[in-house]
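Here's the structure, in structure tokens; my notes come after.
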Amino acid sequence: MTQIHPLRLLKIAQFELVRLFLTKRGLLAVAAFSICWLLILRYPIGQAVSLISSPQIADLAQQVFGAIGLSKLLDWPEAELAMYWLIALYSFPSFCLFLCSDQLVGDKQRGTLRFLSLRATRNEMLFGRFLGQVFILAALLLVTLVASVAVMVFRDPALLVSGITRSFILFFYLLIAVLPFIALMTLLNTFARSARLAVVLAVLFFAGGNIVVSILSWQIPMFAMLNNVFPGVQLDQMAGQNAGIFNSIGIALIQTTVMLAIAQRIFARSSL
Amino acid sequence: MSTLIHATGLTKQYGNKLALDQVSFEIQQGAPVALVGPNGAGKTTLFSLLCGYILPTKGTLNIIGNNPGSSELFGKLSALPQDAQLDPRFSIAHQLAFYGQLQGLSNKQSHAEAIRVLELVGLADVAKQRSDDLSHGMRKRVTIGQALIGKPQIVMLDEATAGLDPIHAREVREVVANLSSEATFILSSHDLTELERLCSHVLHLDKGKLTEHPTHSDHNELESGFITLLLSEHYPDVEAKIQALAEVSKVYMSQAKEYVIEYQKTATPFDITILQHCYQQGWRYRQLVNGHTLENQIFKQEQI
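If you're matching them up, the sequences are chains W and S in order. Its first residue numbered 382, the first sequence is counted upward by one per residue in this note's numbering. Its first residue numbered 804, the second sequence is counted upward by one per residue in this note's numbering.
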């Protein structure tokens, strides 16, 4: 029950890609995502240079970005990527909560997991589905990044090489940033009774959890450490490129590992 | 014959409800085994334990030398779980091929295997359709096909023919009969005639407790025997007229038009005697069963 065979793990992960890109419902989700990103590419990213560099609003941008810790982004010659970074860093994790809401629960309710469990261990199903969502998010990140680089190169072809280098770094950080969000949905999928309930539980976890931690830390400041439980706690620091390696990567990886470990414990003993 | 499944003291409790109570049994490789019992008797719980869908509260279960759910059993044990459905977003062939690939088949082999099992259940022409496009009975047959992928040693079918029309139910029975030399089938059904026809060994569950019945028992060594006679119409004084036969020690009507006769063995075979008696009395008979029907055995058991 606890073994993991790499080939079966990969097959299950691949099947998730097929689910998104080759099924009607998956393609509808991709279409909705694409339309949103076309608008983002056309307006905030397409006009990033004029927004950030225009002399009329440069001072204002400097003050506002400086106040919220984003002044480093203004130094990027690839203004489109700076705008992409800000939008993607906050939108992808939220998008994740919806996109990854049905990793196991739908199949569990329908009984499809029972067919699968005769051919794959529970660990393979759990981690395979998680990995599948990581592949999907990676694919979506890559597509949006390529589109942003294309918009940027269209404005200034000289930025191609530096843009590609920066894109790789952004892709890496963004992928790490979404991991705990995917893992949270994996965890919620092990006990929620529907995908919708998993989303509701995720919202309650963030909203209710933050209120509880705020109250606790107001009484005893040490409880502020509990904020590290919430995926995305480091995003504000990451946005301005002010976070160290541990904050950018370490927290997210630890959160992911802990949530997957709890999910594994629950799923190993749950009834299918 | 080797032991495929060995259960000892298997107990499953859901809160205060005891679904299975100290169930122990062995299933040998060979002819299909029937799992019978009234609704809520624990049949599906036992199936779920065998498949590793749930864990027992107490007891041990060994399947071909492994724990249920072990990866060693992939491809060796397959099942039709009750009410489980395929994903309606994918074509049937795509999903069955995926299951084949998880069992270690190559891409090409898995697609050929998907078509083969769909042919077995008479549904090769709907391979490209999604399960939502099919009727309830067709969906059931597809999920039976799913249980036949590869070369499983044990195939468990929970209520396989429930909801199927008589023609397709018969086809499923034929599939089971044809494949029973390659795999050991464990069947649960409420259709006792079907089980009697297919199985030589019956596990009877009632209120979580298990008893075992042979369906084709050998009574040769005993001095007395049983015959179950089903007449096609109601005739007057049947019991008294049968009781008048010298060999008959007891006769009773088990249900409408059906009589269970206990007789003492003599040199003349009793089945010949009773058929001659029917002819002399002008009774038309529908069926003569050597021994008790499975239904009567179980009904008697549940009344005790």
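Backbone N, C-alpha and C fix where the C-beta goes; we use that ideal spot for every residue, glycine too.
(request) Report the option in I1075/S, V1005/S, G862/S and L1033/S whose CA atom is closest to the CA atom of W1086/S. (result) Numbered from 1 along the second sequence, position 283 holds the residue referred to as residue 1086/S. Per the Cα distances, L1033/S.
(request) Residues of the stretch 468–493 of chain W with a CB closer than 9 Å to any CB of chain S: list them in chain order, please. (result) G487, D488, R491, G492 and T493
(request) Grab the span of the beta strand (DSSP E) containing L657/W for me, first residue to last. (result) This structure cannot speak to residue 657/W, because chain W is shown only from 382 to 653.
(request) Ignore the nearest five residues each way along the sequence and tell me which others in G544/W's own chain have a CB closer than 7 Å to its CB. (result) As a first step, residue 544/W is located in the first sequence; it is residue number 163 there, counting from the start. Contacts found: E459, L462, V530, M533 and V534.
(request) Kindly indicate which residue of G845/S, I989/S, P835/S and E1065/S has the alpha-carbon position closest to the one of K1010/S. (result) Taking the second sequence and counting its residues from 1, the one referred to as residue 1010/S is at position 207. Minimum Cα distance to K1010/S is reached at G845/S.
(message) Determine whether the beta carbon atoms of L905/S and R500/W lie at a separation below 8 Å.
(response) The residue you call residue 905/S lines up with position 102 of the second sequence. The residue you call residue 500/W lines up with position 119 of the first sequence. Cβ distance < 8 Å, so L905/S and R500/W count as in contact.
(message) I need the DSSP call for A469/W, collapsed to helix, strand or coil.
(response) Residue numbering aside, residue 469/W sits at position 88 when the first sequence is read from its first letter. Reduced to three states, the DSSP call for A469/W is helix.
(request) Identify each residue in the stretch 828–840 of chain S for which the Cβ-Cβ distance to at least one residue of chain W is less than 7 Å, and report them in chain order. (result) none
(request) At 8 Å on the CB atoms, spell out the chain W contacts of R892/S, in chain order. (result) Here the question's residue 892/S lines up with position 89 in the second sequence. Near R892/S (Cβ distances below 8 Å), the residues of chain W are R400, T404, K405, R406 and G407.
(message) Can you pull the chain W neighbours of Q904/S, defined as C-beta to C-beta under 7 Å?
(response) Along the second sequence, read from residue 1 onward, the residue named residue 904/S stands at position 101. Near Q904/S (Cβ distances below 7 Å), the residues of chain W are K392.
(message) Contact defined as beta carbons within less than 8 Å: I believe A810/S pairs with G862/S. What is the distance between those atoms, to the nearest angstrom?
(response) Counting from 1 along the second sequence, the entry for residue 810/S is found at position 7. Counting from 1 along the second sequence, the entry for residue 862/S is found at position 59. Contact flag correct, Cβ pair sits at about 7 Å.
(request) Consult DSSP for I866/S and reduce its assignment to one of helix, strand or coil. (result) Sequence index remark: in the second sequence, residue 866/S carries index 63 (1-based). If DSSP states are grouped into helix, strand and coil, I866/S belongs with the strands.
(request) Please determine, among G833/S, D961/S and L908/S, the residue with the shortest C-alpha to C-alpha distance to S881/S. (result) Your numbering for residue 881/S matches position 78 in the second sequence. It is D961/S.
(request) Just grab the DSSP bridge partners of K1053/S for me. (result) As a working mapping, residue 1053/S is identified with position 250 in the second sequence. Answer is E1065/S.
(request) Give me whichever residues DSSP pairs with D801/S in a beta bridge. (result) Because residue 801/S is not part of the residues shown, which for chain S are 804 to 1107, the question remains open.
(request) Following the continuous alpha helix (DSSP H) through K911/S, name the residue where it begins and the one where it ends. (result) Numbered from 1 along the second sequence, position 108 holds the residue referred to as residue 911/S. It spans N910 to L923 - the alpha helix (DSSP H) in which K911/S sits, taken as one unbroken run.
(request) Could you give the DSSP three-state label for L560/W: helix, strand or coil? (result) Residue numbering aside, residue 560/W sits at position 179 when the first sequence is read from its first letter. Here L560/W sits in helix by DSSP.
(request) May I ask you to report which of helix, strand or coil DSSP gives K879/S? (result) Taking the second sequence and counting its residues from 1, one reaches residue 879/S at position 76. Three-state DSSP puts K879/S in coil, outside helix and strand.
(request) Take the Cβ of R503/W as the centre, count every other Cβ of all protein chains shown within 10 Å, and call the residue buried at 16 or more, exposed below. (result) What you label residue 503/W is simply residue 122 of the first sequence in a count that begins at 1. So R503/W counts as buried.
(message) Pairs of beta-carbons, one from the stretch 970–985 of chain S and one from the stretch 914–927 of chain S, closer than 8 Å: are there three or more?
(response) yes
(message) To be precise: take each residue of the stretch 842–869 of chain S, compare its Cβ to all Cβ atoms of chain W, and keep it if any distance is under 8 Å. Which residues remain?
(response) S851, C854, G855, Y856, I857 and L858
(request) Report all residues from its chain with a CB closer than 8 Å to the CB of T860/S; omit the five preceding and five following residues, and keep chain order. (result) Counting from one through the second sequence, the residue named residue 860/S turns up at place 57. Excluding positions up to five away in sequence, the list reads T814, K815 and Q816.
(request) List the residues of chain S whose Cβ lies closer than 9 Å to the Cβ of Q384/W, in chain order. (result) The count along the first sequence starts at 1 and reaches residue 384/W at position 3. The answer, in chain order, is S873 and S874.
(request) Closer than 7 Å by C-beta to L541/W: which residues in its own chain qualify, once you throw out the five before and the five after it? Chain order, please. (result) Stepping through the first sequence from its first residue, residue 541/W is reached at position 160. Once the five neighbours on either side are set aside, the close Cβ partners of L541/W are V534.
(request) Under 7 Å Cβ to Cβ from F552/W, same chain only, skipping five residues before and after it: list those, please. (result) Mapped onto the first sequence, residue 552/W falls at position 171. Here the set comprises L522, L523 and L526.
(request) Step through the CB atoms of chain S and report whether any lies within less than 8 Å of the CB of A644/W. (result) As a position in the first sequence, residue 644/W is number 263, starting the count at 1. No, because no Cβ of chain S sits closer than 8 Å to the Cβ of A644/W.
(request) Please classify E962/S: does DSSP put it in a helix, a strand, or coil? (result) One-based indexing of the second sequence puts residue 962/S at position 159. Reduced to three states, the DSSP call for E962/S is coil.
(message) So, for Y465/W: in the same chain, excluding its five sequence neighbours on each side, which residues have a beta-carbon less than 6 Å away from its beta-carbon?
(response) Within the first sequence, the letter at position 84 stands for residue 465/W. Cβ within range, chain order: I426 and S529.
(message) On the criterion of 16 or more Cβ atoms from any shown chain inside 10 Å, does L390/W qualify as buried, or is it exposed?
(response) Locating residue 390/W in the first sequence gives position 9, where the first residue counts as 1. Buried.
(request) Give the residues of chain W in contact with A882/S, contact being defined as C-beta atoms less than 9 Å apart. (result) Along the second sequence, read from residue 1 onward, the residue named residue 882/S stands at position 79. The contacting residues are R495, F496 and L499.
(message) Quick check: is the beta carbon of L653/W nearer than 8 Å to any beta carbon in chain S?
(response) Working through the first sequence from its first residue, we reach residue 653/W at position 272. Yes, L653/W counts as interfacial toward chain S.
(request) In the DSSP assignment, find the alpha helix (DSSP H) that holds R400/W and state where it starts and stops. (result) Mapped onto the first sequence, residue 400/W falls at position 19. That run of the alpha helix (DSSP H) goes P387 to F402.
(message) Which residues in chain W have a C-beta closer than 8 Å to the C-beta of F877/S? List them in chain order.
(response) Counted from its first residue, the second sequence places residue 877/S at position 74. Within 8 Å Cβ-Cβ: L499, R500 and A501.
(message) Tell me the rounded alpha-carbon separation between Q490/W and S575/W.
(response) Position 109 of the first sequence, counting from 1, holds the residue named residue 490/W. Position 194 of the first sequence, counting from 1, holds the residue named residue 575/W. Straight-line Cα distance between these residues: approximately 8 Å.
(request) Let me know the secondary structure DSSP gives R1087/S once reduced to three states. (result) For the purposes of this step, residue 1087/S is taken as residue 284 along the second sequence, with counting starting at 1. Looking at R1087/S - three-state DSSP - the assignment turns out to be coil, as it is neither helix nor strand.
(message) Distance cutoff 8 Å, beta carbons only. Does R389/W sit that close to anything in chain S?
(response) Taking the first sequence and counting its residues from 1, the one referred to as residue 389/W is at position 8. Yes, R389/W lies at the interface with chain S (some Cβ there is under 8 Å from its Cβ).
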